[in-house]
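Notes follow the structure.
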Ligand code: SF4
């Protein structure tokens, strides 16, 4: 079962997280972009990609970007609603997926 994202307090202490998209499974519906346009963007190929902190599209396969704590809930909601099940949120420290299709 997936965990709920922390909303405040203890959540501040959560380890750094990063997110990546498996474009092979992306349907291009843009739900993630609606939830977190600061983190996700649709490219002209119709697929979603993560963006760097400098707003640069990261198109290398498996490219990750840090998840700002202020956007964690939006990113987690994106992963939950993603029809392609292709948004992966993992801990930076040990690369264990905490939200997404491979989360325990
Ligand atoms: S929500 Fe998932 S399937 Fe839809 S555009 Fe974003 S990554 Fe692709």
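Residue numbers (the working numbering): 3 to 106.
Every residue, glycine too, gets a C-beta built ideally from N, C-alpha and C.
Please indicate yes or no: does the CB of residue i lie closer than 8 Å to some heavy atom of the ligand SF4?
i, result
"residue 29", "yes"
"residue 80", "yes"
"residue 85", "yes"
"residue 50", "yes"
"residue 60", "no"
"residue 32", "yes"
Within 10 angstroms of the Cβ of residue i, are there 16 or more other Cβ atoms? Answer buried if so, exposed if not.
i, result
"residue 11", "Note that residue 11 scores a pLDDT of 41, beneath 50, so its modelled location is shaky; the value from the coordinates is reported in the next line. Counting Cβ neighbours within 10 Å, residue 11 comes out exposed, since fewer than 16 surround it."
"residue 80", "buried"
"residue 18", "exposed"
"residue 9", "Low confidence applies to residue 9: its pLDDT is 47, below 50, so where it sits in the model is not reliable, and the reading given next is rough at best. By the neighbour-count rule (16 or more Cβ atoms within 10 Å), residue 9 is not buried but exposed."
"residue 13", "Residue placement at residue 13 is flagged as unreliable, the pLDDT there being 44, under the threshold of 50; the coordinate-derived value follows with that caveat. Exposed is the call here."
Which of helix, strand or coil does DSSP assign to residue i?
i, result
"residue 23", "strand"
"residue 91", "strand"
So residue i and residue j are in contact, right, with Cβ under 8 Å, and what is the actual spacing, rounded?
i, j, result
"residue 94", "residue 21", "Contact flag wrong, Cβ pair sits at about 11 Å."
"residue 51", "residue 61", "6 Å"
In this structure, what does DSSP give as the bridge partners for residue i?
i, result
"residue 53", "59"
"residue 37", "DSSP lists no partner for residue 37."
Given 8 Å as the limit, tell me if residue i has its C-beta closer than that to any heavy atom belonging to the ligand HEM.
i, result
"residue 44", "The ligand content of the structure shown is limited to the ligand SF4, which means the ligand HEM is not among them."
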